[in-house]
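Numbering follows the UniProt record's numbering, with no gaps: position 7 of the sequence shown is 7. Just so it is clear, CB atoms sit at the ideal spot from N, CA and C, and this is done for glycine as well. Data block below; observations after.
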Amino acid sequence: MWWQALVVLAVVAVGAVLAGVDARRDAERSAGERASAVAETVADAPEVLAAATGDLDDAARTAALQPFAERVRAETGTSFVVVMAPDGTRWTHPDPAQVGGTYLGSRAAALAGGRVLETYTGTLGPSVRAVVPVRAAGPGGAESGPVVALVSAGISVAAVGREVARDVHVVAVAGGAVLVLALGGSYLVARRARRLTLGLAGPELARMFTYYDTVLRSVREGLLLVDPGGRVQLVNAEARRLLDLPDADDDVVGRPVAQLPLPAALVRLLTADDEAADEVLLTTRRVLVASVRAARAPGVGPDGGAVGAGTRTDATSATGAVAGRVVTLRDRTDLLALTDELETTRSLAEALRSQAHEFSNRLHTVVQLVEMGRVDEAVDLAVDELAEAQALTDHVVGAVDEPVVAALLLGASARAGERGVELVVAAGSALDEGALERTGTPVRDVLTVLGNLLDNAVDAAATARDASDGGSGGGALVEVHLGLDAEGLAVEVSDSGRGLSAEEAGAAFRRGWSTKDDGRRLHGRGLGLALVGQTVERLGGRVEVDRSVLGGARFRVLLPAQVAPEGRRAAL
Numbered sequence: 001m002w003w004q005a006l007v008v009l010a011v012v013a014v015g016a017v018l019a020g021v022d023a024r025r026d027a028e029r030s031a032g033e034r035a036s037a038v039a040e041t042v043a044d045a046p047e048v049l050a051a052a053t054g055d056l057d058d059a060a061r062t063a064a065l066q067p068f069a070e071r072v073r074a075e076t077g078t079s080f081v082v083v084m085a086p087d088g089t090r091w092t093h094p095d096p097a098q099v100g101g102t103y104l105g106s107r108a109a110a111l112a113g114g115r116v117l118e119t120y121t122g123t124l125g126p127s128v129r130a131v132v133p134v135r136a137a138g139p140g141g142a143e144s145g146p147v148v149a150l151v152s153a154g155i156s157v158a159a160v161g162r163e164v165a166r167d168v169h170v171v172a173v174a175g176g177a178v179l180v181l182a183l184g185g186s187y188l189v190a191r192r193a194r195r196l197t198l199g200l201a202g203p204e205l206a207r208m209f210t211y212y213d214t215v216l217r218s219v220r221e222g223l224l225l226v227d228p229g230g231r232v233q234l235v236n237a238e239a240r241r242l243l244d245l246p247d248a249d250d251d252v253v254g255r256p257v258a259q260l261p262l263p264a265a266l267v268r269l270l271t272a273d274d275e276a277a278d279e280v281l282l283t284t285r286r287v288l289v290a291s292v293r294a295a296r297a298p299g300v301g302p303d304g305g306a307v308g309a310g311t312r313t314d315a316t317s318a319t320g321a322v323a324g325r326v327v328t329l330r331d332r333t334d335l336l337a338l339t340d341e342l343e344t345t346r347s348l349a350e351a352l353r354s355q356a357h358e359f360s361n362r363l364h365t366v367v368q369l370v371e372m373g374r375v376d377e378a379v380d381l382a383v384d385e386l387a388e389a390q391a392l393t394d395h396v397v398g399a400v401d402e403p404v405v406a407a408l409l410l411g412a413s414a415r416a417g418e419r420g421v422e423l424v425v426a427a428g429s430a431l432d433e434g435a436l437e438r439t440g441t442p443v444r445d446v447l448t449v450l451g452n453l454l455d456n457a458v459d460a461a462a463t464a465r466d467a468s469d470g471g472s473g474g475g476a477l478v479e480v481h482l483g484l485d486a487e488g489l490a491v492e493v494s495d496s497g498r499g500l501s502a503e504e505a506g507a508a509f510r511r512g513w514s515t516k517d518d519g520r521r522l523h524g525r526g527l528g529l530a531l532v533g534q535t536v537e538r539l540g541g542r543v544e545v546d547r548s549v550l551g552g553a554r555f556r557v558l559l560p561a562q563v564a565p566e567g568r569r570a571a572l
């Protein structure tokens with residue numbers, strides 16, 4: 001702050017000096033004008049003209065004019081009023097000893113009918129003086145006659161200095177007041193600046209901005225900074241990629257979040273007052289996990305420095321006002337796909353383990369029958385079991401030649417069987433090998449749609465069966481139909497559950513909706529059908545929900561044929 005004080009002091013000092021110089025110049029000009037006015041007034045007085053033109057000697061003229069000149073000098077506050085002959089002989093003077101002497105100063109311009117205005121050192125010291133002529137009446141009037149006398153009036157430089165001193169005193173007082181106000185204002189501005197910058201100086205701010213900007217733009221997570229007014233202030237490259245935002249800053253920065261092509265759930269998070277952690281967001285192409293926290297400035301101490309900056313470990317210790325909101329975005333699309341595949345594998349492993357246990361029991365039965373000599377019965381039992389398993393495989397593979405889809409159906413059938421639900425492939429289903437490649441439909445997207453619809457249908461059928469008879473009976477059924485039509489791939493899944501109302505059908509594809517609530521967030525309840533809706537929307541398809549002939553819900557999805565560039569077909 002010291003340099004600010006020096007600047008203010010220098011400005012006030014220069015201003016005071018300039019004001020003093022200007023005051024002296026004004027005082028000298030004013031003194032000259034007043035001396036001229038007094039001299040002209042005396043020169044126009046009838047007494048002066050009468051004494052100058054009368055048949056009088058110098059002593060008589062002095063006797064006639066000295067009292068008049070002294071009275072005028074006293075009344076006007078001038079230092080002297082001198083009436084003199086054209087040759088400079090004084091007829092009057094404040095010092096009677098100087099009467100009769102020669103006037104000291106310039107007279108030529110006055111003798112020519114003009115006026116002399118000068119600063120000159122005479123018998124009374126330096127003074128600002130004026131000399132004007134006294135003219136006798138002539139043929140052309142009172143001003144056209146010869147110069148018969150001269151009048152000089154002056155104000156001493158000392159008197160001018162006293163007047164300047166009074167003005168300078170006022171200037172000094174005003175300058176001091178300005179200096180105090182300026183220093184006080186400078187202190188307040190500096191103190192506020194320290195509070196706003198948390199006690200950091202310019203170089204530190206520049207360095208911190210460079211570091212922070214580099215970090216914000218280089219982290220692998222998407223970052224979105226929004227001010228209290230809901231306008232985007234910073235968005236890094238990863239956030240642009242995840243949210244499919246334009247690359248140009250002008251198209252994003254400074255715009256309200258409501259005007260950007262952001263998911264509605266993210267807009268709600270940004271405009272809400274509450275913070276959020278690990279909220280799942282669905283865009284047209286991705287599954288994102290978002291966390292929203294309020295950006296709070298650290299507290300500021302009396303010296304302007306940050307209190308707790310660098311030591312704060314949680315948001316509750318922040319003492320500053322809310323400066324905006326910070327959104328972190330993480331892409332969980334691939335992780336979720338891998339999780340789905342892992343859960344499918346685990347479910348299939350559990351089903352195989354259960355079936356292995358059942359097969360082990362049956363194998364022991366076959367062995368015991370052989371030991372008991374009942375070979376024919378043992379053979380019949382073994383053949384019947386193999387025929388049942390082979391029939392299921394033949395039924396699925398016969399309708400669906402696409403290997404990955406067939407594997408999904410077999411695994412889903414095994415999982416459904418574990419829950420007492422029968423999964424059947426409807427008559428008329430046909431999906432030959434290579435069908436997905438020809439239509440350009442990504443295999444992963446087909447698995448997402450079909451897998452989640454089957455999981456949802458099995459849940460619905462099993463839940464309805466358990467609610468009706470306590471889980472002791474059968475009758476739970478899921479039917480799937482697959483095929484190609486003129487528009488693309490058609491997937492239809494029906495179940496024997498309780499079905500969906502019109503309101504539930506409209507909300508079924510919204511993230512978080514579920515007929516059950518088991519607290520699962522990232523994967524499970526409330527996300528499967530949302531992923532189906534996301535995939536269908538991204539591929540430009542459509543989905544219909546109505547009542548199935550089995551008594552529950554029927555989901556019909558149409559995935560139109562896609563343009564399939566090389567490498568489009570995904571691999572598991």
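Taking C-beta atoms as the reference points, valine 446 and leucine 454 fail to come closer than 9 Å. In this structure, the beta-carbon distance from leucine 423 to valine 370 does not fall below 9 Å.
Within the segment 208–263, the beta strand (DSSP E) runs of at least 3 residues that lie entirely inside it are, in chain order, 222–226 and 232–235.
Straight-line measurement puts the Cα of leucine 281 at about 10 Å from the Cα of leucine 531.
Residue pairing by DSSP leaves arginine 25 without any beta bridge partner.
Here the segment 41–54 does not lie against the segment 21–32, with fewer than 3 beta-carbon pairs under 8 Å apart. Around the CB of arginine 129, 16 or more other CB atoms lie within 10 Å, so the residue is classed as buried. Counting C-beta pairs with one atom in each stretch, the segment 103–110 and the segment 147–161 have three or more that are closer than 8 Å, which means they touch.
Taking 9 Å as the cut-off, the Cβ atoms of alanine 27 and valine 164 count as close. DSSP, reduced to helix, strand and coil, places leucine 550 outside both helices and strands of the structure shown, so it counts as coil. Residue range 403–418 is occupied by the alpha helix (DSSP H) that includes serine 413.
Serine 496 sits in coil when the DSSP states are folded into three classes, being neither helix nor strand. For serine 186, the enclosing alpha helix (DSSP H) has its first and last residue at 157–196. Here aspartate 546 has Arg554 as same chain residues with Cβ atoms under 7 Å from its own Cβ, once five neighbours each way along the sequence are excluded. Excluding residues up to 5 positions away in sequence, Ala51 lie with their Cβ nearer than 6 Å to the Cβ of alanine 64 in the same chain. Under the three-state reduction of DSSP, proline 146 is assigned to coil, being neither helix nor strand. The beta carbon of arginine 285 lies closer than 6 Å to those of Arg538 in the same chain, with the five residues before and after it left out. When the five nearest sequence neighbours on each side are left out, the beta carbons in the same chain lying within less than 6 Å of the beta carbon of glycine 552 are those of Ala460, Asp495, Ser496, Gly497 and Gly499, in order along the chain.
Taking the Cα positions, arginine 362 is about 18 Å away from alanine 414. Comparing alpha-carbon positions, the option among Gly105, Val134 and Val132 lying closest to proline 126 turns out to be Gly105.
The way I'd put it, the segment 113–121 doesn't touch the segment 182–189; fewer than three beta-carbon pairs between them come closer than 8 Å.
About 5 Å separates the beta carbons of proline 256 and arginine 231, which is inside the 8 Å limit, making them a contact pair.
Taking each of Ala356, Val11 and Gly32 in turn and checking the Cα distance to alanine 182, the smallest one comes out for Val11. Within the segment 79–129, complete alpha helix (DSSP H) segments of at least 4 residues are found at 108–111, given in chain order. For leucine 49, the enclosing alpha helix (DSSP H) covers residues 46–53. Taking a 10 Å sphere around the C-beta of leucine 205, we find fewer than 16 other C-beta atoms and assign the residue as exposed. Glycine 434 is classed as exposed because its beta carbon has fewer than 16 other beta carbons within 10 Å across all chains shown. Taking a C-beta distance under 9 Å as the contact criterion, valine 235 and valine 253 qualify as a contact pair. Taking 9 Å as the cut-off, the Cβ atoms of glutamate 492 and arginine 556 count as close. Asparagine 452 has its alpha-carbon roughly 15 Å from the corresponding atom of glutamate 544. Between the alpha carbons of valine 157 and alanine 60 lies a distance of about 32 Å. Distance from the Cα of proline 261 is smallest, within the candidate group Ile155, Glu487, Val379 and Thr283, for Thr283. The residue from Arg191, Asp278, Glu47 and Val226 with its alpha-carbon nearest to that of leucine 270 is Val226.
The alpha-carbon of aspartate 247 is positioned some 14 Å away from that of leucine 223.
When the alpha-carbon of leucine 243 is set against those of Gly161, Arg330 and Thr210, the nearest one is in Arg330.
Around the beta carbon of threonine 121, a 10 Å sphere encloses fewer than 16 other beta carbons of the protein chains shown; the residue is thus reported as exposed.
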